[in-house]
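Structure record follows, encoded as structure tokens.
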Amino acid sequence: MNRGLSVHFLRASVLYALAGMALGIHMAASHDHSQLPTHAHLMLFGWVGMTIYAAVYKLWPDATAGLLPKLHMLAAHAALVVLVAGLYLIYDGNIEIGDPIAAIASVILIANMALFAWIVWRKVR
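With this note's numbering applied, the sequence shown corresponds to residues 12 to 136, in that order.
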């Protein structure tokens, strides 16, 4: 079992929350709310999603055993960072660059959620 996985996800969630809040403050200060979808995805998947992963891995430590939870962790971060970058580009006016980036990240994100579902169904009792 890898009990550090829950700590990792919780710490990451706080960092994503800070980044999302910083983007929110930037939007408020500049009176430019064009990045609202980016902010929302960062807060939801970054803060809330990673916190939920942390809670599940803490409450059911057997779920941390094996390679799949580590792959889940890596894919969760990769998908989120790439998605946020793609969305930022889209809502900054660079749709032709950001759209394929966000699309790829979205596929990784949903595949990663399916992986998490697999872990939960097999390990959470």
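Glycine included, every Cβ here is placed at the ideal spot set by N, Cα and C.
From Arg22, Thr49, His19 and Phe20, residue whose alpha carbon lies closest to that of Ala33: On the sequence shown, residue 33 is found 22 positions in, with the first residue counted as 1. The shortest C-alpha separation from Ala33 is found at Thr49.
Beta-carbon proximity list for His44, same chain, < 7 Å, skipping 5 on both sides: As a position in the sequence shown, residue 44 is number 33, starting the count at 1. Once the five neighbours on either side are set aside, the close Cβ partners of His44 are Met38.
Buried versus exposed call for Ala90 [16 or more other C-beta atoms within 10 Å across all chains shown]: The residue labelled residue 90 in the question sits at position 79 within the sequence shown. Buried, since its Cβ has 16 or more Cβ neighbours within 10 Å.
Reduced DSSP secondary structure (H/G/I, E/B, other) of Thr83: The residue you call residue 83 lines up with position 72 of the sequence shown. In the sequence as presented, Thr is not what sits at residue 83; that position holds His. Three-state result, His83: helix.
Cβ-based neighbour list, Ser117, same chain, cut-off 7 Å, excluding 5 preceding and 5 following: Working through the sequence shown from its first residue, we reach residue 117 at position 106. So the qualifying residues of the chain are Leu94.
Anticipated Cβ contact below 8 Å, Ala87 with Trp58, distance rounded: By 1-based counting over the sequence shown, the position of residue 87 is 76. By 1-based counting over the sequence shown, the position of residue 58 is 47. Contact flag wrong, Cβ pair sits at about 13 Å.
Cβ neighbour criterion (16 or more within 10 Å) applied to Leu100: Counting from one through the sequence shown, the residue named residue 100 turns up at place 89. Buried.
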